[in-house]
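K.L.:
Numbering (my numbering), first residue to last: 678 to 817.
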């Protein structure tokens, strides 16, 4: 988001619920378009907007995207077994996409798995540093 100049408010493991629907607790979530509405909120309510982006890392359990459809998160990323899958919400249903609506110019589905694998080899700090250098030089 820094690369694209987008302002945001992030939430770590936060439970999002809509009345009468199952809740979801993404590993990370970001308010981008609605970030100003969320600043200063300490406890989300069921009528607050959903995050613009939710990220799930499926290590021990699999993400149920139906629950995300109920919450209406516009973009959902699921990282599982070395692969990043992007889901975009249209007309209340998710469809697979190779391109992020938030970062249409950045090959997210290629970059994320490569950086995660690189982190296993050289450590998180160095992998993130390499990613930052790639973004600065547009070498992706």
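We put the CB at the ideal spot given by N, CA and C, even for glycine.
For the alpha helix (DSSP H) that contains residue 805, what are its first and last residues?
P.N.:
Per DSSP, residue 805 belongs to the alpha helix (DSSP H) from 801 to 814.
K.L.:
Tell me which residue opens and which closes the alpha helix (DSSP H) that residue 746 is part of.
P.N.:
Run containing residue 746: 742 to 748, per the alpha helix (DSSP H) assignment.
K.L.:
Run through the DSSP bridge pairs and tell me what residue 688 is partnered with.
P.N.:
DSSP lists 706 as partners of residue 688.
K.L.:
Can you tell me whether residue 753 is buried or exposed, with buried defined as 16 or more other CB within 10 angstroms of its CB?
P.N.:
By the neighbour-count rule (16 or more Cβ atoms within 10 Å), residue 753 is buried.
K.L.:
Look up residue 731 in the DSSP assignment and say whether it is helix, strand or coil.
P.N.:
Residue 731: strand per DSSP, three-state reduction.
K.L.:
Which residue comes first and which comes last in the beta strand (DSSP E) that contains residue 755?
P.N.:
752 to 757 is the span of the beta strand (DSSP E), which, as asked, contains residue 755.
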